[in-house]
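> Residue numbers (the numbering used here), protein chains in the order written: chain A, 7 to 156; chain B, 15 to 115.
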Amino acid sequence: MKALILLGCPETPSQTPLSIYATNKLVKMGYEVTIAANPAASKLVKVSDPDNHYLQNMVDLDHCLNDLDEGQFDLLLGFVHKDAAASFFVTFNQILQCESIALVFERDIELVEEFSQMISEYTDAKVVAVKAFHNPTPIKVKLDKALKEL
Amino acid sequence: MSFCLETYLQQNDDYEILAAQAGFKDCAMIIRYKAPEIVNVKPGDSVLGVRLIGIPPIPVGIDEENEHIFIPYTKPCHGTAVIELPIDQEEIDNIRKLHIG
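#1: Considering B/His82, what are the terminal residues of the beta strand (DSSP E) in which it resides?
#2: Using DSSP with H/G/I as helix, E/B as strand and the rest coil, what is B/Gln35?
#3: Assign B/Cys18 to one of two classes, buried (16 or more other C-beta atoms within 10 Å of its C-beta) or exposed (fewer than that).
#4: For A/Thr22, go through chain B and note every residue whose CB falls closer than 8 Å to its CB, in chain order.
#5: At least one CB of chain B closer than 7 Å to the CB of A/Phe94: is that the case?
#6: Can you have a look at A/Pro56 and say buried or exposed, based on whether 16 or more other CB atoms are within 10 angstroms of its CB?
#7: Between B/Met15 and chain A, is the shortest Cβ-Cβ distance under 7 Å, so that the two count as touching?
#8: Quick check on B/Pro119 - is its C-beta less than 7 Å from some C-beta in chain A?
#9: What residue range does the beta strand (DSSP E) around B/Ile69 cover?
#10: Let me see if you follow: with CB-CB separation under 7 Å, is B/Arg46 close to chain A or not?
#11: Considering Cα atoms alone, identify which of A/Leu61, A/Phe98, A/Ser106, A/Ala92 is closest to A/Leu83.
#12: Tell me whether B/Asn54 sits in a helix, a strand or coil according to DSSP, three-state version.
#13: Going along chain B in order, which residues have a C-beta closer than 7 Å to the C-beta of A/Thr97?
#14: Please report how far the alpha carbon of A/Phe121 lies from the alpha carbon of A/His87, in whole angstroms.
#15: Short of 7 Å in beta carbon distance, which residues of its chain neighbour B/Arg46, apart from the five on each side in sequence? Order them along the chain.
#16: Below 8 Å on the Cβ atoms is my guess for A/Ala46 versus B/Cys91; work out the distance and round it to an integer in Å.
#17: Residues in the same chain with beta-carbon distance under 6 Å from A/Ala108, minus the five sequence neighbours each way, listed in chain order, please.
#18: Does the pairing of the region 146-155 of chain A with the region 56-69 of chain B give three or more beta-carbon distances under 8 Å?
#19: Can you find a CB in chain A that lies within less than 7 Å of the CB of B/Phe38?
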């Protein structure tokens, strides 16, 4: 089984630790995990795990999108905390046509609702939505629940 | 060698950015307002060497008379932009083939 973790803009502090946390969880569940990220988000993840204790594969977001095909991954897990991230998530979901989880988090609850609606309207992904920014714990708790339900 | 939008934007100055750092829906509205003809495409469809990112249906605007198109262009940290750029007739025909109604 293959999982793709889709990272957004790295300006939210919770994204990097949660990407490593999610990778660890998914590997333990039997997934081969690839993280797709832009160069800035990639660097933060690589510096956080210099000896690749947790990371398996990392790919450039643009290259990943160019080569993406239906069925290439069995699970899509996307970090959504900006309008652009919601657009990327919907696009990856539409191409891959696989089981998908959107982790929607923002400090502004109205944006959480807006991004969640965008994703629910155009995909059949499970949407995990929470008001959070610096503190990864509320997101982690909801992610754990969503992974248990897979 | 095929056309690549990324390279084109770096090496030319004959395009116009009509909106920048915006939300996708606002950019889609600008394209629908500005362009004489709209071709609706699927997320991930390739236009000028770039897979378009967004909420379906993604509008691509065509101004055939002036040989220009209007496309949304999304980057994770910079949101969505609307870019108007010159295009040849063959590419316009290729874009029309992507129309999903």
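Think of the CB as a built atom: it goes at the ideal place given N, C-alpha and C, for glycine as much as any other residue.
Keep in mind that this is a model prediction, so the values were computed, not measured.
Reading it off the structure:
#1: Within the second sequence, residue 82 of chain B is the residue found at index 68, counting from 1. From DSSP, the beta strand (DSSP E) with B/His82 extends over 82-89.
#2: As a first step, residue 35 of chain B must be located in the second sequence, where it is residue number 21. Here B/Gln35 sits in strand by DSSP.
#3: Position 4 of the second sequence, counted from the start, is the residue given in the question as residue 18 of chain B. The residue in question, B/Cys18, is exposed, as its Cβ has fewer than 16 Cβ neighbours within 10 Å.
#4: Here residue 22 of chain A corresponds to residue number 16 of the first sequence, with the count starting at 1. Here the premise fails: no neighbours, minimum Cβ distance about 14 Å.
#5: As a first step, residue 94 of chain A must be located in the first sequence, where it is residue number 88. For A/Phe94, the answer is yes, since a Cβ of chain B falls inside 7 Å of its Cβ.
#6: Mapped onto the first sequence, residue 56 of chain A falls at position 50. A/Pro56 should be labelled exposed.
#7: Position 1 of the second sequence, counted from the first residue, corresponds to residue 15 of chain B. Only weak support is given to the placement of B/Met15: the predicted model assigns it a pLDDT of 44, under 50, and the value that follows is read from those uncertain coordinates. Cβ-Cβ to chain A under 7 Å: no for B/Met15.
#8: Within the shown structure, residues of chain B are numbered from 15 to 115, placing residue 119 of chain B beyond reach of any answer.
#9: Numbered from 1 along the second sequence, position 55 holds the residue referred to as residue 69 of chain B. First-last for B/Ile69: undefined, no H or E at that position.
#10: Mapped onto the second sequence, residue 46 of chain B falls at position 32. No, B/Arg46 does not count as interfacial toward chain A.
#11: By one-based count along the first sequence, residue 83 of chain A stands at place 77. Of the residues A/Leu61, A/Phe98, A/Ser106, A/Ala92, the one whose Cα lies closest to the Cα of A/Leu83 is A/Ser106.
#12: As a position in the second sequence, residue 54 of chain B is number 40, starting the count at 1. Strand at B/Asn54.
#13: As a working note, residue 97 of chain A is residue 91 in the first sequence. The answer, in chain order, is Pro57, Gly58, Ile67, Gly68.
#14: Indexing the first sequence from 1 puts residue 121 of chain A at position 115. Indexing the first sequence from 1 puts residue 87 of chain A at position 81. Cα-Cα distance, rounded: 8 Å.
#15: On the second sequence, residue 46 of chain B is found 32 positions in, with the first residue counted as 1. Hits under 7 Å: Ile52, Pro73.
#16: The residue given as residue 46 of chain A occupies position 40 in the first sequence. The residue given as residue 91 of chain B occupies position 77 in the second sequence. Their Cβ separation, rounded to whole angstroms, is 7 Å, which keeps A/Ala46 and B/Cys91 in contact under 8 Å.
#17: Position 102 of the first sequence, counting from 1, holds the residue named residue 108 of chain A. Counting only Cβ-Cβ distances below 6 Å, and skipping sequence neighbours, we find Gly84, Val86, Phe95, Ile125, Ala131, Val133.
#18: no
#19: As a working note, residue 38 of chain B is residue 24 in the second sequence. Yes, its Cβ sits closer than 7 Å to a Cβ of chain A.
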